[in-house]
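Encoded as structure tokens, the structure appears first; notes follow it.
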Amino acid sequence: MIKNRFLTILIFSILSFSICADELQIAFEDLKPNHFFNLKKEVVGGDADVLKIIFKKMKIKFKFVEVPWKRTLFSIENGDMVDVGIGAKHTDARAKFAFYSEPYKSIQHHLYVLKNGSKSKSLLNLLERKKTIGLVIGWGYPKEISDLVELKKYKNQIFRIAKFEQLPEMLSKKRVDSIIAEPAALISLPKGKIYESKCIVVEKFSEKLHFLFSKKRVKESVVKRFNNELKRIKASGDLTKIYKKYE
């Protein structure tokens, strides 16, 4: 009995330590204009700056760690290394293992085709005409997109790649008939404006994004304080100013 009590206390102590870490680990990918390395190798960008401002106000230490999105979700779910994820859409499945922040911005996803390519009029029309689509592995998309691309009958028309910057190159080389991309991220690529000039937008989709906090590593009280600060910078207009800096 004494051994069992000791073991229980030990496990509780370990779990308590995990959610009271001295420094929050924020996972990010090098992706302009949201979160990226500048010339000084500092992590900057609209989303990154929002986190910096809020955590500094809360007097919480933090560190950015470069982690692919799929690995970020795995780590947040399992309490492994990552405390905070950036740019997540809300799903019931993720809500089981993560706390969500208030939505901090809305983004657009555009369905792009080459100007001399497919004559499709919508995502559904494109799929029905047996055309192919390029997406990023592990990324979440608005429900209107995910409901279609997850259908079994379209499985062979969906090509998922590891990195966002590979998408426009695939389209440019006609390896796929279309891609779905965030326009701001596309334009920020080294050849982004060239890619954009070769394409037309067939359909636009909008979704709200949140920050994710691991339930195994971050206290709910911390998330509540974070949300209060997020609401404050929204109301003051500071949030809009942060993103305008990177337009």
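Residues 9 to 255, numbered by the working numbering, are exactly what the sequence shown covers, in order.
The C-beta atom is built at its ideal place from N, Cα and C for all residues, glycine as well.
- Under the three-pair Cβ rule at 8 Å, the region 130-138 does not count as touching the region 192-208.
- Collapsing the DSSP output to three states places Arg79 in a helix.
- Between the beta-carbon of Leu179 and that of Gly142 there is about 6 Å, and that keeps the pair under the 8 Å contact cut.
- Distance from Leu220 to Ala106 at the Cβ level is roughly 4 Å; contact confirmed, criterion being Cβ atoms closer than 8 Å.
- Rounded to whole angstroms, the gap between the alpha carbons of Met66 and Arg233 is 8 Å.
- If one requires a minimum length of 4 residues, the alpha helix (DSSP H) runs lying completely within the region 93-180 are 100-103, 131-136, 151-157, 174-180, in chain order.
- In the DSSP assignment, Glu74 forms a beta bridge with Phe36.
- Its chain contains His218, Phe219, Leu220, Phe221, Val231, Phe234, Asn235, Leu238 as the residues whose beta carbon lies nearer than 8 Å to that of Ser109, once the 5 sequence neighbours on both sides are disregarded; these appear in chain order.
- Excluding its 5 nearest sequence neighbours in each direction, Phe36 has C-beta neighbours in its own chain below 6 Å: His43, Phe72, Ile94, listed in chain order.
- The Cβ atoms of Lys97 and Glu215 lie closer than 8 Å to each other.
- The C-alpha of Lys104 is placed about 9 Å away from the C-alpha of Glu85.
- Under the three-state reduction of DSSP output, Ser222 falls in the strand class.
- Excluding residues up to 5 positions away in sequence, Leu143, Ile145 lie with their Cβ nearer than 6 Å to the Cβ of Arg168 in the same chain.
- Residue pairing for Glu211: DSSP places it in a beta bridge opposite Leu119.
- Taking all protein chains shown into account, Arg225 has 16 or more neighbouring C-beta atoms within 10 Å of its C-beta and is therefore buried.
- Counting the other Cβ atoms within 10 Å of the Cβ of Gly245 gives fewer than 16, which makes it exposed.
- Your pair Val58 and Ile250 checks out as a contact, with CB atoms roughly 6 Å apart and the cut at 8 Å.
- Its Cα nearest to that of Pro198, the residue Phe172 stands out among Lys127, Pro76, Ser114, Phe172.
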